[in-house]
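Contents: one structure, followed by commentary.
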Amino acid sequence: MVGGNVNIQLFDFQERAVMDLIDLTNAGKKHTITVKSPTGSGKTIILINYIDEYLSKVDSNVAFIWLCPGKGDLEEQSRQKMVKFAPTRNAQTLFDALAGGFAPESTTFINWEMVTKTGNRAITEGETKNLFDQIAAAHRRGLQFI
């Protein structure tokens, strides 16, 4: 049974999805995994539980990157859900990662357009560390990313 630090009871199909994600990401291979489900079915809750289970039971020397599409604030909505349902987990923004880097057991919520749009300050060279610098520094410390 999925449990841990998340303050929400999962439905059976959500628990199965969490365990399937654990199995897929613990198989020693890199995968592209797509989670598809109707609006309101709990995809965000499934992923929050998955992150909590993975960090608790598989490997704590991991930083998660949570990419969200669109020009809206979906990444902040997702981050706020994690703060609400997994308050002991480190849920940071792109700007937190740029300022302080990536830490083990962190989840960084990023809007896809913030890192792919040409000329964006998060990826440009400059006086402060950019996203690529922070990722490289984390890799040098032995941190893995999902």
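Take 519 as the starting number for the sequence shown in our numbering and just add one per residue. Beta carbons are placed, not taken as given, at the ideal position from N, Cα and C, and that holds for glycine.
On the CB-based measure, 16 or more other CB atoms within 10 Å of its CB, does V460 come out buried or exposed? There is no way to answer for residue 460, as the model of the chain reaches only from 519 to 664.
Could you give the DSSP three-state label for I566: helix, strand or coil? helix
Taking the alpha-carbon positions, what's the G590 to N525 distance? 26 Å
Would you mind giving the Cβ-Cβ distance between F582 and I653, rounded to the nearest angstrom? I have them listed as a contact below 8 Å. In fact, because the Cβ distance is near 13 Å, the residues do not count as touching under 8 Å.
CB T562 to CB K599, shorter than 8 Å? yes
As a quick exercise: from T557, D530 and Y572, pick the residue whose alpha carbon is nearest that of L542. Y572
Nearest candidate by alpha-carbon position, reference F620, set K647, S574 and S555: Sorting K647, S574 and S555 by C-alpha distance to the C-alpha of F620 places K647 at the top.
Segment limits, beta strand (DSSP E) that includes A609: N608 to T611
So for Q662, helix, strand or coil by DSSP? strand
Going by the beta-carbon positions, is the gap between L661 and P622 smaller than 8 Å? yes
Between which two residues does the alpha helix (DSSP H) carrying L542 extend? D530 to T543 is the span of the alpha helix (DSSP H), which, as asked, contains L542.
Here's a check: name, in chain order, each residue in its chain whose Cβ is nearer than 7 Å to the Cβ of E631, leaving out the five neighbours to either side. Correct list, in chain order: K589.
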